[in-house]
Amino acid sequence: MDQEYSKIMVAVDGSSEAELAFKKAVNVAKRNQAELLLAHVIDTRAFQTVSSFDNVLAEQATDMAKQTLSDYEADAKKAGVDHISTVIEYGAPKVMIATQIPENNQIDLIMLGATGLNAVERLFIGSVSEYVIRNASCDVLIVRTDLENKVPKEDK
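Right under this line is the structure:
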């Protein structure tokens, strides 16, 4: 019997890596007739460096996230995914993507784009994908290639 997923989460942030993951997640959701959850996490740590925290920054980030999710949702519908939901969360992306969002939404597959961190950046901040692989309680697929399973030209 083939593995079937019923609820697939893809983390999207507008990056080219997230775009690859999104396209593959759409295909996996269609093949499995699964629900696709589009997740965007606003990293609140970015606001901690602003000396006088202004709610306008948070509102702008939320508005941008809503637009990003709306665009992805429209693309998924156009591609033939019937069941789509979206979520915007606030906090540390690693933790939210690895544990909180999947637990709150009964996710059985997380799909992420591979990050472009170099060895020094991974040492100091660690990659989201590495953290998710180590801490998620469901299957995780890290996407590095396009729909033809080729590494995009800009990454070679």
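Numbered by numbering that gives the first Met the number 0, the letters in the sequence shown go through residues 0 to 155 in order.
Quick reminder that beta carbons are idealized off the backbone N, C-alpha and C, glycines included.
Tell me the DSSP bridge mates of residue i?
i: residue 34; result: 6
i: residue 40; result: 88
Please report how far the alpha carbon of residue i lies from the alpha carbon of residue j, in whole angstroms.
i: residue 92; j: residue 9; result: 13 Å
i: residue 43; j: residue 78; result: 32 Å
i: residue 32; j: residue 132; result: 24 Å
i: residue 63; j: residue 72; result: 14 Å
i: residue 26; j: residue 17; result: 14 Å
i: residue 150; j: residue 144; result: 5 Å
i: residue 99; j: residue 70; result: 24 Å
i: residue 141; j: residue 58; result: 30 Å
i: residue 130; j: residue 90; result: 15 Å
i: residue 237; j: residue 14; result: An answer regarding residue 237 cannot be provided, because it is not within the stretch 0 to 155 covered by the chain.
i: residue 2; j: residue 107; result: 11 Å
i: residue 56; j: residue 94; result: 22 Å
i: residue 148; j: residue 54; result: 42 Å
i: residue 81; j: residue 74; result: 12 Å
Since residue i and residue j should fall inside the 8 Å C-beta cutoff, what is the C-beta to C-beta distance between them, to a whole number of angstroms?
i: residue 76; j: residue 83; result: 7 Å
i: residue 67; j: residue 41; result: Contact flag wrong, Cβ pair sits at about 11 Å.
i: residue 110; j: residue 29; result: Not a contact, Cβ separation roughly 13 Å.
Kindly indicate which residue of the options has the alpha-carbon position closest to the one of residue i.
i: residue 19; options: 85, 90, 112 and 126; result: 112
i: residue 65; options: 38, 90 and 81; result: 38
i: residue 85; options: 4, 3 and 12; result: 12
i: residue 126; options: 101, 106, 97 and 147; result: 97
i: residue 105; options: 54, 14 and 135; result: 135
i: residue 36; options: 6, 137 and 54; result: 6
i: residue 137; options: 147, 128 and 102; result: 102
i: residue 4; options: 54, 56, 139 and 21; result: 139
Ranges of the beta strand (DSSP E) found wholly within the segment 82-141, counting only runs of at least 3: 83-90 and 108-112
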